[in-house]
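Chemist: Numbering (mature numbering (1 follows the signal peptide of the UniProt record, and there is no 0)), first residue to last: -22 to -1, 1 to 148.
#1: Per DSSP, what kind of secondary structure is residue 66 in: helix, strand or coil?
#2: Taking contact to mean at least 3 C-beta pairs separated by less than 8 Å, is the region 69 to 77 in contact with the region 115 to 133?
#3: Measuring CB atoms only, is the region 42 to 52 touching the region 109 to 121, in the sense that at least three cross pairs come out at less than 8 Å?
#4: Please name the residue, chosen from 105, 61, 60, 35, that lies closest to residue 23 on a Cα-to-Cα basis.
#5: Assuming residue 29 contacts residue 107 (C-beta within less than 8 Å), just tell me the rounded distance between them.
#6: Taking the Cβ atom as the reference point for each residue, do residue 31 and residue 51 lie within a distance shorter than 8 Å?
#7: Are there 16 or more other CB atoms within 10 angstroms of the CB of residue 113, so buried, or fewer, so exposed?
#8: Leaving out five residues on either side along the sequence, give the residues of the same chain with a beta carbon under 6 Å from the beta carbon of residue 98.
#9: Nearest-angstrom Cα distance between residue 93 and residue 20?
#10: Beta-carbon separation of residue 54 and residue 109 under 8 Å?
#11: Is DSSP giving residue 140 helix, strand or coil here?
#12: First and last residue of the beta strand (DSSP E) that includes residue 47?
#13: Would you call residue 79 buried or exposed, if buried means 16 or more other Cβ atoms sit within 10 Å of its Cβ?
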């Protein structure tokens, strides 16, 4: 009997402590932005090309915890080396090839992303890109207390122009 009394006192104390704590709402009710527009633009500051991306605005649905910004995450996707065996003259010959991995909407690259923070009143960002490099872009909305899910990723790779190839810049 004494054990039950002690247990109920502990539970009451724990419940009263928890009532004063802010409990994060699950991010499921904070929708993911939709990346809907990509434009290649000249970036005179870096003497290069950049991508301007645009997404849909997100409403938190909570006046007490509004969206205060967006995080644009950018990954540089590395090529993967694989060995392919080809039959030549009755023998298998190993050949190493380097190519970009297959992209999937539910796989996040292993590398750490560059994160651009954008205020909630803006829905565009500009990021400098290199020719012949694969990038993965995704964006999420955030409030003071929570982050929403990432948007579906978009993959961008600028192919070299004839001028790039002639100049040897690629």
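Virtual Cβ for every residue (Gly too), placed ideally from N, Cα, C.
These numbers were taken from a predicted model, which means no experiment stands behind them.
Modeler: Let me spell this out:
#1: strand
#2: no
#3: yes
#4: 105
#5: 5 Å
#6: no
#7: buried
#8: 45, 46, 47
#9: 21 Å
#10: no
#11: helix
#12: 47 to 55
#13: exposed
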